[in-house]
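Comments concern the structure below.
Residue numbers (UniProt numbering): 1 to 222.
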């Protein structure tokens with residue numbers, strides 16, 4: 001999943017970047033509201049983490065302009081602890097959730113997982129489930145019939161995206177856009193290798209190749 005982090009406090013941004021990358025997310029970081037306004041509406045992010053106290057253009061204005069322009073992806077805002085009015089205005093402007101500073105990174109990670117599941121119609125599930133599989137995002141492994149199947153970091157990222165989009169045809173270019181940040185070279189051949197590794201671990205039928213279109217996840221794992 002590809003995230004945009006908009007935070008101008010560099011030490012906090014560095015901490016969050018490292019933590020989010022350990023969680024298997026591809027993350028782009030911006031520190032200015034003007035840059036966020038453009039990039040958030042032009043790049044295919046799955047979720048945006050937005051601080052409201054930004055230079056350039058305030059975070060509330062950025063969010064309001066995104067929503068006015070039809071941007072529908074989940075946005076989690078970060079606010080100061082004593083700024084209750086700012087939290088209310090953020091929700092009115094179209095935020096999906098908020099977190100007050102200071103916060104524990106683990107709470108942020110759990111809120112992100114919940115928002116992503118909710119945005120894909122899996123809000124009532126405590127874990128990500130599809131095709132007879134349960135994804136343990138904390139341990140970055142997949143559980144089938146009570147048994148753990150270990151995954152590499154790249155396999156985990158790819159499987160999580162597939163499980164959030166079951167029964168959807170996903171092209172290689174689409175997958176690359178959502179699995180890598182803006183600085184990472186995107187190689188469709190590498191994606192194909194990871195797909196084949198997942199098939200060996202989960203069964204060939206779980207990921208179907210649609211020639212000229214891409215991949216479809218949703219066959220029963222075996």
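Beta carbons are placed, not taken as given, at the ideal position from N, Cα and C, and that holds for glycine.
For residue 217, the enclosing beta strand (DSSP E) begins and ends at 214-217. For the 9 angstroms CB-CB criterion, residue 12 and residue 40 do not form a contact.
With distances taken between CA atoms, residue 116 lies nearest to 48 out of 48, 132, 42. Positions of the alpha helix (DSSP H) runs, each at least 4 residues long and wholly inside the segment 129-182, are given as 153-164, 172-179 in order along the chain. Under DSSP, residue 97 shares a beta bridge with 76. The DSSP assignment places complete alpha helix (DSSP H) segments of no fewer than 4 residues inside the UniProt domain "Response regulatory" (2-116) at 10-22, 33-42, 59-68, 84-93, in order along the chain.
With contact defined as three or more Cβ pairs closer than 8 angstroms, the segment 94-103 and the segment 47-67 are in contact.
Contact between the segment 208-215 and the segment 160-171 is present: 3 or more CB-CB pairs across the two stretches fall below 8 angstroms.
Distances from the alpha-carbon of residue 65 to those of 113, 92, 183 put 92 closest.
In the three-state scheme derived from DSSP, where H, G and I count as helix and E and B as strand, residue 210 is classed as strand. In the three-state scheme derived from DSSP, where H, G and I count as helix and E and B as strand, residue 186 is classed as coil. With contact defined as three or more Cβ pairs closer than 8 angstroms, the segment 108-122 and the segment 147-154 are not in contact.
The C-beta distance from residue 33 to residue 59 rounds to 6 angstroms, short enough to meet the 8 angstroms contact threshold.
Rounded to whole angstroms, residue 24 and residue 5 show a C-alpha spacing of 14 angstroms. C-alpha of residue 184 to C-alpha of residue 157: approximately 15 angstroms in a straight line. Apart from the 5 residues on each side of it in sequence, residue 8 sits with its Cβ closer than 8 angstroms to the Cβ of 31, 32, 51, 53, 54, 55 in its chain, given in chain order. For the pair residue 154 and residue 218, the CB atoms are not nearer than the 9 angstroms cut-off. Looking at the backbone, the Cα of residue 87 and that of residue 76 are separated by about 11 angstroms. In this structure, DSSP gives residue 204 a helical state, which the three-state scheme calls helix.
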